[in-house]
Every structure is written in C-alpha cells, then in structure tokens.
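Quick notes on the structure that follows.
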C-alpha cells in the first residue's frame with residue numbers, strides 16, 4: 004500500500020438504512036478497511052439494515068451506531084451509498100438530514116454515489132457545486148442549484164460523487180485519496 008492510501012487512524016461514517024445498494028456500501032467499505040480506515044455503519048435504528056442487490060433484496064449489514072448517538076466530529080469522512088429506497092428514506096428522516104448538514108459544515112470529505120446525493124439535496128448543501136449521480140436525479144440536483152456532469156467520479160471541494168456500481172473503483176480511490184490528505188474545505192454557503 005502506498006502512503007497516499009494509508010488511512011490508519013482515520014474513521015469513516017457510512018450513513019445508510021434498509022434498501023441501500025449492497026455493492027455501493029460493501030465494496031467501498033472493503034477498500035477503506037483495506038487502506039487501514041475504521042468504518043462504521045450509521046443508521047436510524049439499531050440492529051441490522053438490509054441491502055438491495057440490483058433487482059432483489061440482498062444481505063444485511065450490522066449497524067455500528069445509530070444516528071442519535073453519532074456525531075460528525077467523530078469521523079474523517081461521510082459516505083452515502085445509493086440504491087433508490089435507502090436515500091429516499093434518509094431524506095425523509097430529520098435526524099439523517101441534520102447529520103448530513105452538520106457533517107458538511109465540518110468541511111471534511113463527503114462521498115455520495117448513485118442516488119446518494121438525494122440526502123445532500125435535502126440538506127441544502129449542493130448549490131453551486133459540480134456533482135454527478137445516477138442520471139434520474141440529474142434534474143433534482145440541477146433544481147437544487149448544482150451543476151450536473153456525466154462522469155465516473157467528480158470531485159468538487161469536499162464532495163466526491165459517482166454515478167453507479169461500475170464507478171465504485173474510481174469512487175473508492177478518490178475517497179481514499181481525499182481522506183488520506185485529510186484536508187478540510189470551507190463549508191457550503
């Protein structure tokens with residue numbers, strides 16, 4: 004492992020709930036863990052959350068911490084997996100939206116893939132940002148004031164976004180690089 008991907012001592016929050024796209028949580032998490040980070044799945048409720056595996060229910064993952072017991076200050080990055088159900092449920096949860104908003108205010112890395120940017124839209128933090136996503140939420144991002152681009156991975160300040168499961172390797176690499184640099188960005192205006 005090269006020094007640019009050394010995440011020892013870094014802690015990454017993965018915010019999700021039932022219906023997360025399984026590979027969009029498990030594959031980046033595996034890459035972060037292999038780079039030395041400690042990852043924690045944060046969810047609205049304790050126990051386990053169930054993944055969605057492309058066209059059917061997938062496997063469950065253990066929740067490490069509930070939203071009401073999580074603080075953005077305790078993490079070096081926030082990851083928002085996609086799927087349709089997961090981000091749709093999170094954007095309707097006031098605690099989840101507030102967690103995302105407060106995390107963005109820290110200036111630390113926020114990485115969202117597929118439909119994950121819905122939580123960013125709901126938190127009101129995408130205005131004037133260049134982001135990518137699953138194509139069906141392109142209009143949602145534009146209506147919230149973001150510029151949408153169709154590319155594998157897009158980095159704008161603290162935000163890293165990708166479109167789909169095929170982009171996971173680039174998404175994971177970009178997130179690892181940003182977290183290893185440990186740079187903070189000014190909070191969204």
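Residue numbers (our numbering): 4 to 192. Note that the Cβ used here is the ideal one computed from N, Cα and C, for glycine as well.
Which of helix, strand or coil DSSP assigns to residue i
i	result
residue 83	strand
residue 93	helix
residue 10	coil
residue 153	coil
residue 135	coil
residue 192	Reliability fails at residue 192, whose pLDDT of 41 lies under 50, so the model's placement of it is uncertain and the value that follows must be treated cautiously. Note: residue 192 maps to coil in three-state DSSP.
residue 67	coil
residue 112	strand
residue 77	helix
residue 72	helix
residue 16	strand
residue 4	A caution first: residue 4 carries a pLDDT of 41, below 50, which makes its placement in the model too unreliable to give a value.
Supposed close pair residue i, residue j - CB separation, criterion 8 angstroms
i	j	result
residue 118	residue 148	Residue 118 to residue 148, Cβ: 18 angstroms. No contact.
residue 30	residue 175	7 angstroms
residue 121	residue 96	Not quite, the Cβ-Cβ distance comes to about 12 angstroms (not below 8 angstroms), so this is no contact.
residue 165	residue 173	7 angstroms
residue 132	residue 153	Contact doesn't hold; Cβ gap of about 16 angstroms is too wide.
residue 141	residue 151	5 angstroms
residue 25	residue 56	5 angstroms
Residue interval of the beta strand (DSSP E) (run including residue i)
i	result
residue 46	41-46
residue 53	51-56
For residue i, the first and last residue of its enclosing alpha helix (DSSP H)
i	result
residue 179	171-184
residue 3	Since the first residue shown for the chain is 4 and the last is 192, residue 3 is missing from the structure and cannot be characterised.
residue 162	First-last for residue 162: 162-165, but that is the beta strand (DSSP E), not the alpha helix (DSSP H).
residue 33	25-37
residue 145	141-146
Beta-carbon spacing of residue i, residue j below 7 angstroms
i	j	result
residue 52	residue 19	yes
residue 157	residue 135	yes
residue 110	residue 161	yes
residue 54	residue 61	yes
residue 113	residue 17	no
residue 89	residue 35	no
residue 170	residue 155	yes
residue 92	residue 125	no
Chain B contact for residue i (CB, 7 angstroms cutoff)
i	result
residue 115	Here chain B cannot be found, since the structure has a single protein chain.
Segment contact, 8 angstroms Cβ cut-off, at least three pairs: the region 60-67 with the region 90-103: no
Cβ contact check for the region 37-49 and the region 11-19: 3 or more pairs under 8 angstroms: yes
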